[in-house]
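Beneath this line is the structure, given in structure tokens, with notes to follow.
Numbering (the working numbering), first residue to last: 18 to 232.
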């Protein structure tokens, strides 16, 4: 997953000069699945592990500048990438569906989905409208790690769990997150642990059942 410092300047957006060169270099450096579509270039792609689908979104290439008014014209992913994500979620047969991004949903007042209200609500409302179960969110760029339930989960129809795993070498705790899925049981589970590398301490250990993440 790339973010601002892989892509361009700090907190950069779709207006960044030379972004096509950043994308080309990123593709050369990382052996990810093919990214983007024939009509929409970008660092977004899907992959699966067992009964879990991962949708890695590109929160930079098409995002509108942060300083624009937070109205229904402001986009986080761009319309084409959003439709790619929504269609993927709707068509997924996996038990769990993970949206992964370099940006966080809430814990940044300057660079995350928090200042893209329309885009955030459009995603949450679509999950509820289309009865898409098992969606969780993984983000980063905050130099810390945590897991929490988004305060607007009512728009989703079940708890929207956000896992923040970022900055393993940038922060005094040397923290990171792990997610262990068990889809062999009758009610599949996702176990999230926040680990502090300094002291090898498990700071948080929480488990959600799939039955908790459905309408």
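Cβ coordinates follow ideal geometry from the N, Cα and C atoms, glycine included.
Neighbour flag for residue i against chain D, beta carbons, 8 Å
| i | result |
| --- | --- |
| residue 52 | Looking at the structure shown, chain D is missing, and only one protein chain is on hand. |
Supposed contact pair residue j and residue i - C-beta distance, whole angstroms, cut 8 Å
| i | j | result |
| --- | --- | --- |
| residue 145 | residue 173 | 6 Å |
| residue 64 | residue 114 | So it is not a contact: roughly 12 Å between Cβ atoms. |
| residue 175 | residue 231 | 6 Å |
Proximity below 8 Å, CB of residue i to CB of residue j
| i | j | result |
| --- | --- | --- |
| residue 18 | residue 119 | yes |
| residue 156 | residue 177 | no |
| residue 162 | residue 141 | no |
| residue 59 | residue 81 | no |
| residue 112 | residue 69 | yes |
| residue 226 | residue 201 | no |
| residue 167 | residue 183 | no |
| residue 20 | residue 222 | no |
| residue 213 | residue 179 | no |
| residue 204 | residue 228 | yes |
| residue 215 | residue 190 | yes |
| residue 78 | residue 34 | no |
| residue 117 | residue 56 | no |
Cβ-based neighbour list, residue i, same chain, cut-off 7 Å, excluding 5 preceding and 5 following
| i | result |
| --- | --- |
| residue 49 | 62 |
| residue 211 | 162, 163, 164, 192, 194, 220, 221 |
| residue 25 | 33, 36, 39 |
| residue 93 | 76, 80, 130, 133, 136 |
Own chain residues within Cβ distance below 6 Å of residue i, not counting five before or after
| i | result |
| --- | --- |
| residue 29 | 21 |
| residue 151 | 112, 113, 114, 227, 230 |
| residue 170 | 176, 177 |
| residue 208 | 197, 224 |
| residue 143 | 103 |
| residue 126 | none |
Contact set for residue i: own chain, Cβ-Cβ below 8 Å, skip 5 residues either direction
| i | result |
| --- | --- |
| residue 101 | 54, 57, 61 |
| residue 218 | 212 |
| residue 122 | 129, 130, 131, 137, 154, 156, 167, 177, 179 |
Touching by the beta-carbon criterion (3+ pairs, under 8 Å), the region 97-107 and the region 125-134: Taking one beta carbon from each stretch, the region 97-107 and the region 125-134 have fewer than 3 pairs nearer than 8 Å; the two do not touch.
Does the pairing of the region 83-101 with the region 37-44 give three or more beta-carbon distances under 8 Å? No, the region 83-101 does not touch the region 37-44.
Which runs of the alpha helix (DSSP H) spanning at least 4 residues fall entirely within the region 167-212, listed in chain order? Counting only runs of 4 or more, we get 170-173.
In chain order, which beta strand (DSSP E) runs of at least 3 residues are fully inside the region 100-125? Runs found: 113-117.
Entirely within the region 48-80 and at least 4 residues each: give me those alpha helix (DSSP H) ranges in chain order. Taking only runs of at least 4 residues, no alpha helix (DSSP H) segment lies wholly in the region 48-80.
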